[in-house]
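Using my numbering, the letters of the sequence shown map in sequence onto residues 1114 to 1226.
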Amino acid sequence: MKRSGLLWMILLVASTAMASAQPAAPDQQDHKAVPVFVDWLSGRYDNELQTFWAAQADARGSARYRRLHAIYRPVSIPESGDHALIVEQYWDNDRSEVHRHAVYLVSPADGEG
């Protein structure tokens, strides 16, 4: 399975679990899961196949996708906690066509939503 397919599966399972879970304070298990999640999310992602098949199906309007490339890199930001990701997203496999640059701080849920 491609990394992007695995990522969407993980996010789907995680969002389903979060929607049905009762709020709780983070425990030791939550803290152990954070570096695993950061490791899973780190990498390069590209929706090239999605854009290819949409074009083959002659998709129009909102069914048509623009190619998006994303790089998630773990970084250390001691002032903000132990785990963070730098995210670079750009269009059409061209780094000069910046879509988004962001820093994601990753920590266990605090039970507040």
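Positions of the beta carbon are idealized from the N, C-alpha and C atoms, including for glycine.
Are Leu1181 and Trp1204 closer than 9 Å when you measure CB to CB?
Yes. Within cutoff.
Taking all protein chains shown into account, decide if Tyr1217 is buried (16 or more other Cβ within 10 angstroms of its Cβ) or exposed.
Burial call: exposed.
Got a sec: does the ligand FMN put a non-hydrogen atom nearer than 8 Å to the Cβ of Ala1197?
For the structure depicted, the ligand FMN is absent and the ligand set is empty, with no information on it obtainable.
If we ignore side chains and look at the alpha-carbon of each, how far apart do Trp1166 and Arg1173 end up?
Distance between the alpha carbons of Trp1166 and Arg1173 is about 12 Å.
Please report the Cβ distance between Val1147 and Ser1220, rounded to the nearest whole angstrom; I am assuming they are in contact, meaning their Cβ atoms lie under 8 Å.
Contact flag correct, Cβ pair sits at about 6 Å.
Between which residues of its own chain and Val1151 is the CB-CB distance below 6 Å, once the five residues before and five after are set aside?
Cβ within range, chain order: Pro1187, His1196 and Val1219.
Leaving out the 5 sequence neighbours to the left and right, which residues in its chain are closer than 6 Å to Thr1164 when beta-carbon positions are compared?
Closer than 6 Å at Cβ, skipping near neighbours: Tyr1178 and Arg1180.
So, is Leu1162 buried or exposed, given that buried needs 16 or more other C-beta atoms within 10 angstroms?
That one is exposed.
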